[in-house]
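Since the structure comes first, as structure tokens, the remarks are kept for the end.
Number of protein chains: 2
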Amino acid sequence: MKDTKQVSKAVIKRLPRYRRYVRELKKKKIDRISSNELSGIMGYTASQIRQDLNNFGGFGQQGYGYNIESLDKELSNILGLKMKYTMVIMGAGNLGQAIANYTSQRENFSLISMFDINPRLIGIKLNEIPVRDYDEVTEFVKENNIDIGVICTGKRNAQQVADRLIEGGIKGIWNFAPIDLNLPEDMLVENVHLSDSLHSLTYHISKKFMDDEE
Amino acid sequence: MKDTKQVSKAVIKRLPRYRRYVRELKKKKIDRISSNELSGIMGYTASQIRQDLNNFGGFGQQGYGYNIESLDKELSNILGLKMKYTMVIMGAGNLGQAIANYTSQRENFSLISMFDINPRLIGIKLNEIPVRDYDEVTEFVKENNIDIGVICTGKRNAQQVADRLIEGGIKGIWNFAPIDLNLPEDMLVENVHLSDSLHSLTYHISKKFMDDEE
Numbered sequence: 003m004k005d006t007k008q009v010s011k012a013v014i015k016r017l018p019r020y021r022r023y024v025r026e027l028k029k030k031k032i033d034r035i036s037s038n039e040l041s042g043i044m045g046y047t048a049s050q051i052r053q054d055l056n057n058f059g060g061f062g063q064q065g066y067g068y069n070i071e072s073l074d075k076e077l078s079n080i081l082g083l084k085m086k087y088t089m090v091i092m093g094a095g096n097l098g099q100a101i102a103n104y105t106s107q108r109e110n111f112s113l114i115s116m117f118d119i120n121p122r123l124i125g126i127k128l129n130e131i132p133v134r135d136y137d138e139v140t141e142f143v144k145e146n147n148i149d150i151g152v153i154c155t156g157k158r159n160a161q162q163v164a165d166r167l168i169e170g171g172i173k174g175i176w177n178f179a180p181i182d183l184n185l186p187e188d189m190l191v192e193n194v195h196l197s198d199s200l201h202s203l204t205y206h207i208s209k210k211f212m213d214d215e216e
Numbered sequence: 003m004k005d006t007k008q009v010s011k012a013v014i015k016r017l018p019r020y021r022r023y024v025r026e027l028k029k030k031k032i033d034r035i036s037s038n039e040l041s042g043i044m045g046y047t048a049s050q051i052r053q054d055l056n057n058f059g060g061f062g063q064q065g066y067g068y069n070i071e072s073l074d075k076e077l078s079n080i081l082g083l084k085m086k087y088t089m090v091i092m093g094a095g096n097l098g099q100a101i102a103n104y105t106s107q108r109e110n111f112s113l114i115s116m117f118d119i120n121p122r123l124i125g126i127k128l129n130e131i132p133v134r135d136y137d138e139v140t141e142f143v144k145e146n147n148i149d150i151g152v153i154c155t156g157k158r159n160a161q162q163v164a165d166r167l168i169e170g171g172i173k174g175i176w177n178f179a180p181i182d183l184n185l186p187e188d189m190l191v192e193n194v195h196l197s198d199s200l201h202s203l204t205y206h207i208s209k210k211f212m213d214d215e216e
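Chains as they are written, first to last, in the working numbering: chain A, 3 to 216; chain B, 3 to 216.
Structural data, given as structure tokens:
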């Protein structure tokens, strides 16, 4: 595996956020923005913004700022969003269907199949996406060269499901199950920890509303 | 609004993650851990860990490290998790039901009602949680002193639903709708941006698998 530039994990984590803000600005028909203005909106310092974006060739110009259109294009390219990814969702329950619904609205992702263990779901289609048996996923991923496996199962099945995806040659896992999966070291995985944002919220609520009571 | 200590936003964002790791260690029957060991697991530097936790009174002891049990207790307290929060979910579709399912498994949250616009859902119960009409939410939040409103509606209804929650006196909003809500400045909100983690994943997949093709 080669790595042309060594960009820190923290920077990479911030890039999707940059892209979101840039696309909001684009929607508002804004052409360009300075790192200072971007700082005001995003809450990072202007110098951090310049540093972050410099990692990728620095598409800003001094005294002009960043061109929104080209910044959007660059960020999308960097984030791998000039191509399309095939996807399967493991678990066709509420969460799986919510994610199916979510990805169906994004042009970069093509949901090929869902998988479940429940005999009442296997064989049917949900919003035109067929639901197949967990047992078939390894073969399916192999044959269809699936890029991303989304784990929307409960805690209990998540590890087994991950193992099967990997056996099939999946490229990356988007994990919603609330466990730390045991994966080969070079496996690409993104864990969505809902509790992290919920607990940030309880932190702020308890600070604002409940400190007085103590 | 008072604020006893001024702790940076970035630190607060990291606390739920500390708590998650600490609880994993607890499950593994580990009693104590040094900042160096914690650094090895979490990927933050040991000095950052010490700095972060120092913000809250520094419950580590030199040469001994952190006591897992008390670190868990302290972090839970700081995050406001010694109390219980009442909650309503706006939108009883797949996402709303998935979140209902998720929170039902956490002891700190008590889901009181769901709300929807769909006449086929209004009046029924989903997993014993009643579904009410969007129109009733302001009164309901007021009368039942609801702490947290979770927005699981589509983009289109999210702003209106947020306005109604706020009118009812909601303390915090957990927003899953993919828009930036227009909120009073002192309103507490946590936005869950699914795209951020998905795009981190595409970044890594495209770097690892697709650079060669260019």
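Using N, Cα and C, we set each Cβ at its ideal position, and we do this for glycine too. Bear in mind the structure is a predicted one, so any value in this text is a computation, not a measurement.
Q) According to a CB-to-CB cut-off of less than 8 Å, which residues of the region 5-26 of chain B neighbour chain A? A) Of all residues in the region 5-26 of chain B, those with a C-beta nearer than 8 Å to a C-beta of chain A are ASP5, THR6, LYS11, ILE14, LYS15, LEU17, PRO18, ARG19, ARG21, ARG22, GLU26, reading in chain order.
Q: Give the range of the beta strand (DSSP E) segment to which B:PRO186 is assigned.
A: Membership of B:PRO186 in any beta strand (DSSP E) is not indicated, and neither H nor E is assigned to it by DSSP.
Q | Residue interval of the alpha helix (DSSP H) (run including A:GLY42) | A | For A:GLY42, the enclosing alpha helix (DSSP H) has its first and last residue at 37-44.
Q) So, is the C-beta of B:PHE58 closer than 7 Å to a C-beta in chain A? A) Interface criterion not met: the Cβ of B:PHE58 is under 7 Å from no Cβ in chain A.
Q.
By the three-class DSSP mapping on this structure, what secondary structure does A:LYS209 have?
A. Helix at A:LYS209.
Q.
Cβ closer than 8 Å: which chain C residues qualify as neighbours of A:PHE142?
A. The displayed structure is made up of protein chains A and B, and chain C is not among them.
Q | Cut-off 8 Å between Cβ atoms - residues of its own chain near B:GLU216, not counting five sequence neighbours on either side | A | With a pLDDT of only 45 at B:GLU216, under the threshold of 50, the placement of this residue in the model should not be trusted; the figure read from the coordinates follows. Cβ within range, chain order: n/a, list empty.
(Q) On the CB-based measure, 16 or more other CB atoms within 10 Å of its CB, does B:SER72 come out buried or exposed? (A) Around the beta carbon of B:SER72, a 10 Å sphere encloses fewer than 16 other beta carbons of the protein chains shown; the residue is thus reported as exposed.
Q) Would you say A:ALA48 faces chain B, with C-beta separation under 7 Å as the test? A) It does not; no Cβ of chain B falls within 7 Å.
Q: For chain B, find out if any of its Cβ atoms is closer than 7 Å to the Cβ of A:HIS206; answer yes or no.
A: For A:HIS206, a Cβ of chain B is located within less than 7 Å of the residue's own Cβ.
**Q.** Chain-ordered neighbours of B:GLN99 on chain A, where CB pairs are closer than 7 Å
**A.** Within chain A, the residues placing a beta-carbon under 7 Å from that of B:GLN99 are ASN96, ordered along the chain.
Q.
Please report the straight-line C-alpha distance between A:SER202 and A:CYS154, rounded to a whole angstrom.
A. Here the alpha carbon of A:SER202 sits roughly 23 Å from the alpha carbon of A:CYS154.
Q.
In this structure, how does DSSP classify B:ASN147 when only helix, strand and coil are distinguished?
A. Note: B:ASN147 maps to coil in three-state DSSP.
Q) Which residues, in order along the region 188-201 of chain B, keep a beta-carbon less than 9 Å from a beta-carbon of chain A? A) Sequence-ordered contacts of the region 188-201 of chain B with chain A read ASP188, LEU190, VAL191, GLU192, ASN193, VAL194, HIS195, LEU196, SER197, ASP198, SER199, LEU200, HIS201 [C-beta pairs closer than 9 Å].
**Q.** Bridge partner(s) assigned by DSSP for B:PHE58
**A.** Answer is none; B:PHE58 lacks a bridge partner.
Q. Who are the near neighbours of A:VAL9 in its chain, counting only those whose CB is closer than 6 Å to its CB and skipping five residues on each side?
A. Cβ neighbours of A:VAL9 within its own chain (closer than 6 Å, five residues either side excluded): ASN57.
Q | B:ASP149: contacting residues in chain A (beta-carbon distance under 7 Å) | A | Listed along chain A, the residues sitting closer than 7 Å to B:ASP149 by beta-carbon distance are ILE207.
Q. Using a Cβ-Cβ distance under 7 Å, would A:LYS31 count as near chain B?
A. So, not an interface residue.
Q.
Looking at chain B, is there any beta carbon in it that lies within less than 7 Å of the beta carbon of A:LYS157?
A. Not closer than 7 Å to any Cβ of chain B, the Cβ of A:LYS157 fails to qualify, so no.
**Q.** Extent of the continuous alpha helix (DSSP H) run through B:PRO18
**A.** That run of the alpha helix (DSSP H) goes 11-29.
Q: For B:ASP137, name the three-state secondary structure that DSSP assigns.
A: B:ASP137: helix per DSSP, three-state reduction.
Q: Go ahead and pull the three-state DSSP assignment for B:ARG108.
A: Reduced to three states, the DSSP call for B:ARG108 is coil.
Q) Comparing alpha-carbon positions, which option in B:VAL90, B:GLY98, B:ILE181 lies nearest B:ILE168? A) For the options B:VAL90, B:GLY98, B:ILE181, the alpha carbon positioned closest to that of B:ILE168 is the one of B:VAL90.
Q | Contact the region 34-52 of chain A vs the region 15-23 of chain A: 3+ CB pairs below 8 Å | A | Cβ pair count under 8 Å is three or more, so yes.
Q. Would A:LEU203 count as contacting chain B if we go by Cβ distances under 7 Å?
A. It does; some Cβ of chain B falls within 7 Å.
Q. If you check the beta carbons only, do B:ILE35 and B:TYR68 fall under 7 Å apart?
A. Cβ distance < 7 Å, so B:ILE35 and B:TYR68 count as in contact.
Q. Quick one: does A:LYS86 have its CB under 7 Å from some CB of chain B?
A. At least 7 Å separates the CB of A:LYS86 from every CB of chain B.
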